[in-house]
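*Asks:* There's a structure below that I have some questions on.
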Amino acid sequence: MGKESVPLNKRSRQESSRIRWAYVFIFPQTLFIALFTLYPIVMSYVYSFYDWSGIGPLKKYVGFSNFHSLLLEKQFWQAFRNSFEYMAGVIIILMPLTLLMAILLNQTFLRGRVFYRTLYFLPVVATTAVIGIVMQNIFGNENALVNDVLLALHLVKEPIPWLLQPGTAMLVLILVGAWKFFGMMMVYWLAGLQTIQPELYDAAKVDGAGFMTTLRYIVLPLLVPIGTVILLLSVVNSLHVFDLVKTLTGGGPYFKTEMVDLYIYNYAFASGGIPRIGYASAAGVLFGIAVFLISLILGLLVRLARSNFTKSSATRQIDGGLRG
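The sequence shown begins at 1 in the UniProt record's numbering and counts up by one.
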């Protein structure tokens, strides 16, 4: 018995050592998250109940006054609507196009797949603020590159003030945002496609299934889980666009492209007056709650759709088996 206790004690000491080292490596990241993520979130809730400029101690408690003022502010609701309009536009463009491109680049017969994947991913690597500045030069004035090309091709008779009209400014913002994050979403879809076992494709070929049949009954159903994650990430990320708007349109014209994040920034770091940290925090809290609720509802709807899709697929398989 004494001989058996020696290796047991040794294993116990080794296990304890591994646990201690695990905590050593986990602690810095945990501390970083606590200081730079959890603490600002908690304090934003605290600041939202004060009239505070960011200088000096918290003294003037105003309760829900900031939230009340926010709900009555038309500019905030304009920014709120702009954020969701931008989000909807980006997702409507990206979800189908990135899926189609990922399916194309996943085909083994296509040459230069790595080159094309790298090419589409390059905008993701580029700094968003730099892209905004470059695109401002491309779209920003009458002598911009886009206008020169359109005039040379005789597609327009006079230069279009892309960033000075509300409709075209939002359109440019959506197109640039979609182009910027096209590669990232395509990589997500590619990751999902590459988890599908090659044997499934071979079995479909043996059964005589064509490309569209394989896509409909094998590929797309298996991509539903990763598609759900992609959709939720896209909703959250596109609702929090800031640097692209700041550098490309600045929120103009007439606040028609001002998003909630830029609205918060303008009040928290006001250059023409006293910063209103409390009011900006209230806007952040309200928008954060709205994004959370929308993500929650969207997740529930997607889960329900997945459940119905699975049931209908199972029913089709049973019916097919009975007929066979």
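By construction, the Cβ of each residue, glycine as well, lies at the ideal position given by its N, Cα and C atoms.
Since the structure is predicted, the reported quantities are computational estimates derived from the model, not experimental observations.
Per DSSP, what kind of secondary structure is Tyr254 in: helix, strand or coil?
*Replies:* coil
*Asks:* Please identify the residue among Met43, Ile92, Val130, Pro253 whose C-alpha is closest to the C-alpha of Ile174.
*Replies:* Ile92
*Asks:* From Glu258 to Gly278, what distance separates their C-alpha atoms?
*Replies:* Distance between the alpha carbons of Glu258 and Gly278: 20 Å.
*Asks:* Can you tell me the Cα-Cα spacing of residue 329 and Tyr263, whole angstroms?
*Replies:* Outside the shown range of the chain (1 to 324) lies residue 329, about which nothing can therefore be said.
*Asks:* Using the Cα positions of His68 and Ile133, report the straight-line distance between them to the nearest angstrom.
*Replies:* 36 Å
*Asks:* According to the Cβ coordinates, are Ala79 and Val260 closer than 7 Å?
*Replies:* yes
*Asks:* Please report the Cβ distance between Thr98 and Trp189, rounded to the nearest whole angstrom; I am assuming they are in contact, meaning their Cβ atoms lie under 8 Å.
*Replies:* 6 Å
*Asks:* Just list the alpha helix (DSSP H) runs in the region 186–220, keeping only unbroken ones of 4 residues or longer that don't cross its boundaries, in chain order.
*Replies:* Listed in chain order, the alpha helix (DSSP H) elements of length 4 or more contained wholly in the region 186–220 are 198–206, 211–214.
*Asks:* Are Ser295 and Val90 touching if we call contact CB-CB under 7 Å?
*Replies:* no
*Asks:* Can the beta-carbon of Leu193 be found closer than 7 Å to that of Ala102?
*Replies:* yes
*Asks:* By the DSSP assignment, the alpha helix (DSSP H) with Lys246 in it spans what residues?
*Replies:* Per DSSP, Lys246 belongs to the alpha helix (DSSP H) from 243–248.
*Asks:* Quick check on the burial criterion: 16 or more other C-beta atoms within 10 angstroms. Buried or exposed for Val42?
*Replies:* Residue environment for Val42: exposed (fewer than 16 other C-beta atoms within 10 angstroms of its C-beta).
*Asks:* Which residues does DSSP list as the beta-bridge partners of Leu61?
*Replies:* According to the sequence as given, residue 61 is Tyr; it is not Leu. According to DSSP, Tyr61 bridges with Tyr50.
*Asks:* Which residue from Asn266, Ile230, Val229, Leu223 puts its Cα closest to that of Asp243?
*Replies:* Asn266
*Asks:* Tell me whether Leu322 sits in a helix, a strand or coil according to DSSP, three-state version.
*Replies:* Confidence in Leu322 is poor, its pLDDT being 39 and thus under 50, which makes the residue's placement unreliable; the coordinate value appears in the next sentence. Three-state DSSP puts Leu322 in a helix.
*Asks:* Grouping DSSP H, G and I as helix and E and B as strand, with all else coil, what is Lys157?
*Replies:* Reduced to three states, the DSSP call for Lys157 is coil.
*Asks:* Between the alpha carbons of Phe25 and Leu164, how many angstroms are there, rounded?
*Replies:* 51 Å
*Asks:* Within a Cβ cutoff of 6 Å, which residues of the same chain sit near Glu142, ignoring the five residues on either side of it in sequence?
*Replies:* Pro159
*Asks:* Can you give the beta carbon distance from Ser65 to Val285, rounded, assuming they're within the 8 Å contact cut?
*Replies:* No, Ser65 and Val285 are not in contact; Cβ-Cβ is about 14 Å, not under 8 Å.
*Asks:* In the DSSP assignment, find the alpha helix (DSSP H) that holds Met259 and state where it starts and stops.
*Replies:* Looking at the DSSP string, Met259 is not in any alpha helix (DSSP H), and its letter there is neither H nor E.
*Asks:* Could you say which of His154, Ala283, Ala204 lies nearest to Ile218 if we only look at CA atoms?
*Replies:* For the set His154, Ala283, Ala204, the Cα lying nearest the Cα of Ile218 is the one of Ala204.
*Asks:* Around the C-beta of Ser83, are 16 or more other C-beta atoms found within 10 angstroms, so that it is buried, or is it exposed?
*Replies:* With 16 or more neighbouring CB atoms inside 10 Å of its own CB, Ser83 falls in the buried class.
*Asks:* Taking only three categories from DSSP, how would you classify Ile264?
*Replies:* helix
*Asks:* Using C-beta distances below 7 Å, list every residue in its chain close to Leu145, excluding the 5 sequence neighbours before and after it, in chain order.
*Replies:* Ile138, listed in sequence order.
*Asks:* Can you find a C-beta in chain C that's less than 7 Å from the C-beta of Ala102?
*Replies:* Of the protein chains in the structure, only one exists, and it is not chain C.
*Asks:* So, under 8 Å CB-CB, Val235 and Leu298 are touching, yes? Tell me the CB distance rounded to an integer number of Å.
*Replies:* The beta-carbon distance between Val235 and Leu298, rounded to whole angstroms, is 6 Å. This is short enough to meet the 8 Å contact definition.
*Asks:* Just checking my contact of Ile230 with Met185 at CB under 8 Å: how many whole Å lie between their CB atoms?
*Replies:* 6 Å
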